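See structure below.
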Amino acid sequence: MDGTISKLVKELQAIVGEENATDDQAICTSYSRDQHWHFVPAKNPGCIVRPGDKEEVRAVLMLANTHKIPVIPYSTGINVRGLTIPVHDGSILLDLSRMNRILEINPEMKTATVEPGVTFGMLLEQTRKYKLRPAFPDAPLTVSVLVNYYLRGIYQTAAKDGHDHTLSYEMILPNGETLKTGSRALSKMPYFRYGVGPDFAGMFCAHPGTCGVVTELTAKLYRLFDHRKEYFIGFDDVNTPTRFIYNLMHDELAASIRLVDNQSWLKGIFGTFDYPYEELPKFVVCVLVEGVEGVFDAKDTLVRAYMKECGGEVLHTFYFRRGYI
Ligand SMILES: Cc1cc2nc3c(=O)[nH]c(=O)nc-3n(C[C@H](O)[C@H](O)[C@H](O)COP(=O)(O)OP(=O)(O)OC[C@H]3O[C@@H](n4cnc5c(N)ncnc54)[C@H](O)[C@@H]3O)c2cc1C
2 MDGTISKLVK
12 ELQAIVGEEN
22 ATDDQAICTS
32 YSRDQHWHFV
42 PAKNPGCIVR
52 PGDKEEVRAV
62 LMLANTHKIP
72 VIPYSTGINV
82 RGLTIPVHDG
92 SILLDLSRMN
102 RILEINPEMK
112 TATVEPGVTF
122 GMLLEQTRKY
132 KLRPAFPDAP
142 LTVSVLVNYY
152 LRGIYQTAAK
162 DGHDHTLSYE
172 MILPNGETLK
182 TGSRALSKMP
192 YFRYGVGPDF
202 AGMFCAHPGT
212 CGVVTELTAK
222 LYRLFDHRKE
232 YFIGFDDVNT
242 PTRFIYNLMH
252 DELAASIRLV
262 DNQSWLKGIF
272 GTFDYPYEEL
282 PKFVVCVLVE
292 GVEGVFDAKD
302 TLVRAYMKEC
312 GGEVLHTFYF
322 RRGYI
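Numbering (our numbering), first residue to last: 2 to 326.
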């Protein structure tokens, strides 16, 4: 065992408790690769540390800064393309998954404040009680809400850019200082992104793990409508649905639109592998229509009219009614 690392682990254990810092090789190896292991060579971190709150994060960062040791934050670790794979020998992997508290759901402000380890699945379980939901990426429900928004996730919905859902956050810098963005900087209210001066939330976003560690983030929530309908519409070539998609976007009729090939539709959305997909149209447009009663019906009628106009074939529909999710 490397003497420097084992001395470091002792110092880290003094901060987070003995069971939450280790340089055990088997455990370090389990953090050494991600699903892009064939592009990004595997590399073990020097040690793993699992803080339980932001004061422990601060103490770990200050210790690492004193010794000039690289730190890699890791929230749910569903990263792709080597984002949490160490580059330097002896790096500290800062596993934030113990920090998985939903600090607040505010139904009036339609916001949620979360720690790094909170996943989309965990958050939806709580927000649905208020008929609210977070904005979802196309990723598994096991990814971190905080990291996805902080990294500016990619969305197929009317919500545009992942970072649009972020209102404010708190980031601990390598020297232990705290950066608070938006209205957090001036008051205890984290609900407003813009105030006087520059947009610090935007300035510091999408620097995964290089500026500091985000310990909590407040995000917008959206209405979970009683009426929601998903259409899967088949087309034989990729150009025909263009006008259909344009019309839906122009009239703001769909909450989500995705154009996929028939294999992605079957395997990725239906989870079916055993199907004669050659018999299907080559492309599938997935359209989610939602709204309150009356508004939903009006949107649905228009979507059907546009669908008919461009000759799409409805392959399947899901209709979610009150209480379904
Ligand atoms: C099959 C699949 C499909 C996906 N599809 C989509 C999609 O359609 N749209 C989309 O937006 N995303 C998509 N993703 C990505 C996914 O949404 C995750 O958000 C992303 O992979 C990051 O993973 P994570 O949240 O587990 O973060 P981690 O893997 O823990 O970290 C990712 C990066 O952020 C840094 N980081 C982690 N925590 C912090 C912190 N607290 N403070 C500062 N930096 C931190 C890490 O160092 C690392 O660089 C997909 C992922 C998969 C596996």
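Each residue gets a CB set at the ideal place from its N, CA and C atoms; glycine is no exception. Quick caveat, the model's predicted, so the values are computed rather than measured.
Proximity winner among the options, relative to residue i (alpha-carbon distances)
i: Asp162; options: Ser184, Pro138, Met172, Val58; result: Pro138
i: Thr167; options: Gly118, Ala207, Thr219; result: Thr219
i: Val296; options: Asp54, Lys309, Phe226, Leu267; result: Phe226
i: Thr318; options: Leu289, Thr77, Ala306; result: Leu289
i: Ser76; options: Ile270, Leu222, Tyr150, Ala256; result: Tyr150
i: Arg99; options: Val315, Glu217, Arg194, His68; result: Glu217
i: Pro135; options: Leu222, Gly78, Met110; result: Leu222
i: Val387; options: Val81, Val214, Gly203, Gln264; result: The requested residue 387 is not part of the displayed model; the chain covers only 2 to 326.
i: Lys111; options: Asn101, Lys132, Ala140, Thr120; result: Lys132
i: Asp165; options: Glu178, Thr179, Val146; result: Val146
i: Ser265; options: Tyr278, Leu254, Ser257, Ala256; result: Tyr278
i: Thr333; options: Gly203, Leu62, Glu20, Leu94; result: Any property of residue 333 remains undetermined from this structure, which presents the chain solely from 2 to 326.
i: His228; options: Glu291, Gln127, Glu116, Phe121; result: Glu291
i: Asp275; options: Asn263, Pro46, Val285; result: Asn263
i: Tyr320; options: Phe233, Ile258, Gly177; result: Phe233
i: Phe201; options: Arg224, Ile16, Asp237, Ser169; result: Ser169
i: Lys268; options: Val285, Ser257, Thr23; result: Val285
Residue i CB to nearest heavy atom of ligand 1 below 7 Å
i: Ile258; result: no
i: Tyr151; result: yes
i: Gly196; result: no
i: Asn80; result: yes
i: Ser76; result: yes
i: Ile73; result: yes
i: Asp238; result: no
i: Pro138; result: yes
i: Val42; result: The residue you asked about is not Val; residue 42 is Pro in the sequence shown. It does not: the Cβ of Pro42 is nowhere closer than 7 Å to a heavy atom of ligand 1.
Residue i versus residue j: straight-line alpha-carbon distance, rounded
i: Thr211; j: Met172; result: 11 Å
i: Ser92; j: Pro71; result: 5 Å
i: Lys44; j: Gln26; result: 11 Å
i: Leu64; j: Lys181; result: 22 Å
i: Thr143; j: Leu152; result: 16 Å
i: Leu328; j: Asp301; result: A query on residue 328 cannot be resolved here, the shown segment of the chain reaching from 2 to 326 and no further.
i: Asp252; j: Met308; result: 14 Å
i: Lys189; j: Asn107; result: 14 Å
i: Arg305; j: Gly312; result: 11 Å
i: Thr114; j: Pro209; result: 19 Å
i: Arg82; j: Gly154; result: 14 Å
i: Gly78; j: Leu94; result: 11 Å
i: Glu116; j: Glu105; result: 10 Å
i: Thr5; j: Pro46; result: 14 Å
i: Met2; j: Glu56; result: Confidence is the limiting factor: at Met2 the pLDDT is only 46, short of 50, which leaves the residue's position unreliable, though a coordinate-based value still follows. Between Met2 and Glu56, the C-alpha separation is close to 29 Å.
i: Glu310; j: Lys283; result: 19 Å
i: Gln14; j: Asn21; result: 7 Å
i: Gly122; j: Glu314; result: 32 Å
i: His39; j: Ala140; result: 20 Å
i: Glu109; j: Leu84; result: 36 Å
i: Thr67; j: Ser184; result: 31 Å
i: Gly177; j: Asp90; result: 23 Å
i: Arg244; j: Ala256; result: 17 Å
i: Gln127; j: Val148; result: 19 Å
i: Phe236; j: Pro42; result: 40 Å
Bridge partner(s) assigned by DSSP for residue i
i: Cys287; result: Phe233, Arg259
i: Cys48; result: Ile93
i: Ile103; result: Val115
i: Phe319; result: Glu231
i: Lys221; result: Thr112
i: Ile173; result: Thr179, Val214
i: Tyr75; result: Asp96
i: Glu19; result: Its beta-bridge partners do not exist; DSSP assigns none.
| said: Closer than 8 Å is the cut-off here; do at least three beta carbon pairs connect the stretch 5 to 15 with the stretch 40 to 58? | reply: Counting C-beta pairs closer than 8 Å gives three or more between the stretch 5 to 15 and the stretch 40 to 58, which meets the contact rule.
| query | With contact counted as at least three CB pairs below 8 Å, one residue from each stretch, are the stretch 17 to 36 and the stretch 191 to 206 in contact? | reply | Segment contact: the stretch 17 to 36 against the stretch 191 to 206, fewer than three CB-CB distances shorter than 8 Å; contact not assigned.
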